[in-house]
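Enquirer: Take this structure, written in structure tokens, and hold onto it; I'll ask about it next.
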Amino acid sequence: LFGVKIIGLILHNTKLLIGVEVSVENMNVLDLQGFACPMPVIKLKKWLSLNDLSEKPLYLKVSDKGALKDIPAFCQQKNIACQVLRVEDVLEFRLEAKNV
Amino acid sequence: MSDTDQFSIIQSKGTLDWVYPSLILASTAAAMDKEVQVFHTFYGLKAILKDTSDLKVSPVGNPAMKIHLPYGPEFLRSMDLNRYLPSFIWSMPGMTALATWGFKKQMLLQGQVPVEELRSLCIELGVRMSACQMSVDAMNFTEQDFIDEVEFLGAASYFAQTPDSQSLFI
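Protein chains in written order, with this note's numbering: chain A, 14 to 113; chain B, 7 to 176.
Right, here's the structure in full:
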């Protein structure tokens with residue numbers, strides 16, 4: 014039974030991994046884990062000045078809790094579409110240029 | 007440019023616990039596309055010196071400061087030392103250095119960057135750092151003591167440059 018559980022767990026994790034990888038494939042990834050306010054917003058701004066969001070959406074990972082409100086607020090200011098993908102220990106966002 | 011696009015802080019204190027918050031706010035405001043100016047007056051001038059070793063923090067006269075050991079067993083780390091130790095302890099030689107060390111460590115563990123780095127980030131983001139000329143003279147500083155990006159102004163030019171957007175950092 015334990016073995017089955019282990020295999021199940023491995024399969025589940027692989028699925029998760031593949032799932033994440035597939036969804037990340039066409040996105041740029043920016044990992045800002047470990048940075049506290051104000052660094053996530055500043056690093057994101059820097060990234061945006063070097064990269065073009067309209068080419069590829071951005072997959073953003075942040076561990077700072079305040080970012081849950083700060084990143085969407087920043088995106089609103091910058092007119093960027095921001096989607097919160099996951100709210101756990103690590104916050105995950107999908108940022109995309111707005112089609113206007 | 008309308009007032010809402012401007013943000014400015016009057017920095018009049020020169021200890022680490024006063025410098026961090028204004029730099030954090032200034033850098034964030036700049037990232038949010040505001041035109042930011044920090045006006046340094048009196049002891050706030052210490053925040054824009056080339057040599058940042060004068061930026062310290064002390065629990066003396068600072069009862070709200072929380073002091074936690076950055077390392078050690080959980081029960082020790084969770085204890086607020088400023089609350090449990092008599093305040094004369096913090097006036098003993100070396101205690102300011104210890105508190106400063108602990109404060110910096112705590113900040114880094116929290117995912118914060120060193121204050122010098124935060125300052126250069128602010129400048130990179132376009133935050134204008136200005137120094138009150140009168141204070142510079144009164145405190146016996148010379149213009150060479152300050153980082154290159156500092157503008158030397160009088161209070162009148164500061165008010166002229168930042169209409170309706172000043173906040174005194176107290």
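Here a beta-carbon is modelled for each residue, glycine too, at the ideal position from N, C-alpha and C.
For Val142/B, count neighbouring Cβ atoms within 10 angstroms of its own Cβ and tell me buried if that reaches 16, exposed if not.
Expert: Buried.
Enquirer: Comparing alpha-carbon positions, which option in Gly160/B, Gln12/B, Met38/B, Leu51/B lies nearest Val183/B?
Expert: Since the first and last residues shown for chain B are 7 and 176, residue 183/B lies out of range.
Enquirer: Check each residue of the segment 24 to 56 of chain B: if its Cβ is closer than 7 Å to any Cβ of chain A, include it; give the result in chain order.
Expert: Result list: Ile30, Ser33, Thr34, Ala37, Met38, Asp39.
Enquirer: Within its chain, find whatever has a CB closer than 8 Å to the CB of Gly47/A; leave out the 5 residues flanking it on each side and keep chain order.
Expert: Counting only Cβ-Cβ distances below 8 Å, and skipping sequence neighbours, we find Ser76.
Enquirer: Taking 7 Å as the threshold (C-beta atoms), are Val44/B and Phe109/B in contact?
Expert: No.
Enquirer: May I ask you to report which of helix, strand or coil DSSP gives Ser136/B?
Expert: If DSSP states are grouped into helix, strand and coil, Ser136/B belongs with the strands.
Enquirer: Give the residues of chain B in contact with Ala49/A, contact being defined as C-beta atoms less than 7 Å apart.
Expert: Correct list: Gln116, Gly117, Gln118.
Enquirer: Are the C-beta of Val54/A and some C-beta of chain B separated by less than 7 Å?
Expert: Chain B contact via Cβ: present.
Enquirer: Would Gln89/A count as contacting chain B if we go by Cβ distances under 7 Å?
Expert: By this cut-off, Gln89/A is not an interface position.
Enquirer: Mind reading off the beta-carbon distance from Glu109/A to Ala94/A? Whole number of angstroms is fine, and I expect it under 8 Å.
Expert: Rounded, the Cβ-Cβ distance is 4 Å, consistent with contact.
Enquirer: Going by the DSSP bridge assignment, what does Leu55/B pair with across the sheet?
Expert: According to DSSP, which records beta bridges pairwise, Leu55/B is partnered with Phe152/B.
Enquirer: Taking C-beta to C-beta, are Glu41/B and Gln12/B nearer than 7 Å?
Expert: Result yes, Cβ atoms of Glu41/B and Gln12/B sit closer than 7 Å.
Enquirer: Would you say Val58/A and Ala103/B are within 7 Å of each other, going by their C-beta atoms?
Expert: It is worth fixing the name first, because residue 58/A is Lys in this sequence and not Val. No. Outside cutoff.
Enquirer: Does DSSP put Asp44/A in a helix, in a strand, or in coil?
Expert: Residue state, collapsed to three classes: strand.
Enquirer: For Glu101/A, is the classification buried or exposed, using 16 other Cβ atoms within 10 angstroms of its Cβ as the cut-off for buried?
Expert: That one is exposed.
Enquirer: Excluding sequence positions up to five away, which residues of its chain have a Cβ less than 6 Å from the Cβ of Met71/B?
Expert: Only Pro65, Asn88 meet the Cβ criterion.
Enquirer: Identify the contact partners of Lys152/A in chain B, using a Cβ-Cβ distance below 7 Å as the criterion.
Expert: With chain A covering 14 to 113 only, the question about residue 152/A has no answer from this structure.
Enquirer: Excluding sequence positions up to five away, which residues of its chain have a Cβ less than 6 Å from the Cβ of His74/B?
Expert: Arg83.
Enquirer: Identify the continuous beta strand (DSSP E) that holds Lys74/A and give its terminal residues.
Expert: Element bounds for Lys74/A: 71 to 75.
Enquirer: So if I threshold CB-CB distances at 7 Å, which residues from the segment 65 to 92 of chain A count as touching chain B?
Expert: Result list: Asp77, Phe87, Gln90.
Enquirer: For the alpha helix (DSSP H) that Leu114/B lies in, which residues bound it at each end?
Expert: Counting along the chain, the alpha helix (DSSP H) containing Leu114/B begins and ends at 101 to 115.
Enquirer: Going along the chain, which residues of its own chain have a beta-carbon closer than 7 Å to the beta-carbon of Ala166/B, five neighbours each way excluded?
Expert: Correct list: empty, nothing qualifies.
Enquirer: Does the distance from the CB of Gln139/B to the CB of Phe152/B come in under 7 Å?
Expert: Cβ distance not < 7 Å, so Gln139/B and Phe152/B don't count as in contact.
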